[in-house]
Structures are given as structure tokens and as C-alpha cells.
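K.L.:
Residue numbers for the sequence shown, in this note's numbering: 46 to 218. Ideal Cβ positions, reconstructed from N, Cα and C, are used throughout, including at glycine.
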Amino acid sequence: LAWMRGHPGPIYTSRTHPDYPGLVEFPLQDVINDLGHPYFNSTAAYALALAIHEGAGMISLFGIDYTYANAHHAEQGRACVEFWLGLAQARGIGVNVAETSSLLDTCQGLSLYGYGALGTRDVHIEELPAGDGQVSAKVTFVERETLPTAAEIEAAYDHSRHPSPQLRASSGA
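(1) I want to know whether the stretch 78 to 86 touches the stretch 124 to 135 - three or more CB-CB distances under 8 Å.
(2) If you follow the alpha helix (DSSP H) that residue 131 is in, where does it begin and where does it stop?
(3) How close, in whole Å, do the beta carbons of residue 136 and residue 97 come, if the pair is a contact with beta carbons under 8 Å?
(4) For a test of the three-state rule: what should DSSP assign to residue 198, helix, strand or coil?
(5) Per DSSP, what are the beta-bridge partners of residue 103 in this structure?
(6) With distances taken between CB atoms, is the gap from residue 69 to residue 55 smaller than 7 Å?
(7) With DSSP as the reference, label residue 154 as helix, strand or coil.
(8) Helix, strand or coil: which one does DSSP assign to residue 111?
(9) Spell out the partners DSSP gives residue 187 in its beta bridges.
(10) With distance defined between alpha-carbon atoms, name the residue in 164, 180, 152 and 169 nearest to residue 190.
(11) From residue 101 to residue 47, what does the alpha carbon distance come to, in whole angstroms?
(12) I think residue 173 touches residue 180, with their Cβ atoms under 8 Å apart; what is that distance to the nearest whole Å?
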């Protein structure tokens with residue numbers, strides 16, 4: 046911890062210590078009062094909440110997946126991080142997640158349950174600027190000529206395969 050003694054900070058922590066001048070106590074009360082939710086079960090959750098509280102314009106996450114090859118369950122903390130990312134977006138903060146990440150199902154691409162290849166019609170969404178940095182959407186429906194078969198639907202929901210294409214490739218599944 047020698048490096049921390051000389052670090053100018055800020056290094057957010059739950060408690061400051063006089064031997065580490067760069068430590069800054071996390072503004073827990075201010076963050077909870079501003080955001081309205083005391084939901085923190087990981088360092089990433091605290092960092093996201095602080096970024097939202099401080100009014101970040103963009104949050105980019107890389108390496109925070111909460112899934113692993115050959116493990117089809119989410120590590121504890123995923124829901125909390127996704128909750129804070131949703132709140133960030135609701136406040137107009139941009140969110141960028143690596144396209145190979147399973148966080149926010151990013152690796153799956155845009156998917157609207159009940160539409161597209163497994164639905165009765167396709168949907169096309171065009172994002173239009175709405176002012177103040179906000180985006181409006183124009184939704185167009187296209188009827189499908191043929192409906193998916195039961196086998197196609199079952200294959201799309203194959204839970205024996207990992208949901209992340211990157212992890213499927215690395216595990217050989």
C-alpha cells in the first residue's frame with residue numbers, strides 16, 4: 046500500500062485515514078439522497094452511482110461482464126450494475142458497453158422479444174434527434190411472409206449454450 050500513501054487522489058473509500066491523504070470518503074448520504082436508492086453490492090455499483098451523481102455525460106464499461114465461459118449463471122452484482130446503468134440512461138447519460146459483453150445483453154445485438162425472426166413481423170427502429178441531446182424513435186413494422194417453426198423458436202432459446210458468442214467460441218461450445 047506504499048503507492049497509496051503518495052497518491053494525490055481522489056481514491057474513494059468508506060473511511061479516510063490520516064496516513065493516506067488521497068483517500069476521500071464516498072459521499073454516501075449525498076448519493077443516496079440524489080439518486081434515491083441505497084443499492085450498492087460492488088465497487089462497480091458505487092463507481093456508477095458516483096458518476097451519475099456527479100453528472101457524467103458518458104459512462105463506458107469494459108471487462109465488467111459477470112458471466113464466464115462454461116458458467117450459465119450471473120455472478121452477484123450484475124443486476125445492481127444494470128440497475129445503475131438504466132438509471133444513468135434515464136438521466137440522459139450515455140452508456141457504452143463493449144460489444145462482446147453480456148452486460149445489458151449487448152453481445153446479443155438489438156433484440157425485441159416477440160419481433161424479428163421469431164415474431165409475426167419485423168421491426169425497424171430509426172433513431173431521430175429530439176433536441177437537448179435526446180433521441181426519438183420512429184418504429185416501422187414489416188409483416189413476415191412466413192412464421193417461424195416451433196423448431197426454430199426452440200433453437201433460438203437453447204439454454205445449453207452460453208449466451209455470449211465470444212465465450213461460446215472460447216469454450217468450444
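P.N.:
Taking the structure as given:
(1) Enough Cβ pairs lie closer than 8 Å, so yes.
(2) If you number the sequence shown from 1, residue 131 lands on position 86. That run of the alpha helix (DSSP H) goes 123 to 135.
(3) On the sequence shown, position 91 is the one that residue 136 refers to. On the sequence shown, position 52 is the one that residue 97 refers to. 6 Å between Cβ atoms; contact.
(4) Taking the sequence shown and counting its residues from 1, the one referred to as residue 198 is at position 153. Three-state DSSP puts residue 198 in a helix.
(5) If you number the sequence shown from 1, residue 103 lands on position 58. Residue pairing of residue 103 in beta bridges, as defined by DSSP: 139.
(6) Your numbering for residue 69 matches position 24 in the sequence shown. Your numbering for residue 55 matches position 10 in the sequence shown. Cβ atoms of residue 69 and residue 55: closer than 7 Å.
(7) The residue given as residue 154 occupies position 109 in the sequence shown. Coil, per DSSP.
(8) By one-based count along the sequence shown, residue 111 stands at place 66. In the structure shown, the three-state DSSP call for residue 111 is coil.
(9) Position 142 of the sequence shown, counting from 1, holds the residue named residue 187. Answer is 167.
(10) The count along the sequence shown starts at 1 and reaches residue 190 at position 145. Nearest of 164, 180, 152 and 169 to residue 190, Cα basis: 164.
(11) Walking along the sequence shown from the start, residue 101 turns up at place 56. Walking along the sequence shown from the start, residue 47 turns up at place 2. So the alpha carbons of these two residues sit roughly 31 Å apart.
(12) As a first step, residue 173 is located in the sequence shown; it is residue number 128 there, counting from the start. As a first step, residue 180 is located in the sequence shown; it is residue number 135 there, counting from the start. 7 Å between Cβ atoms; contact.
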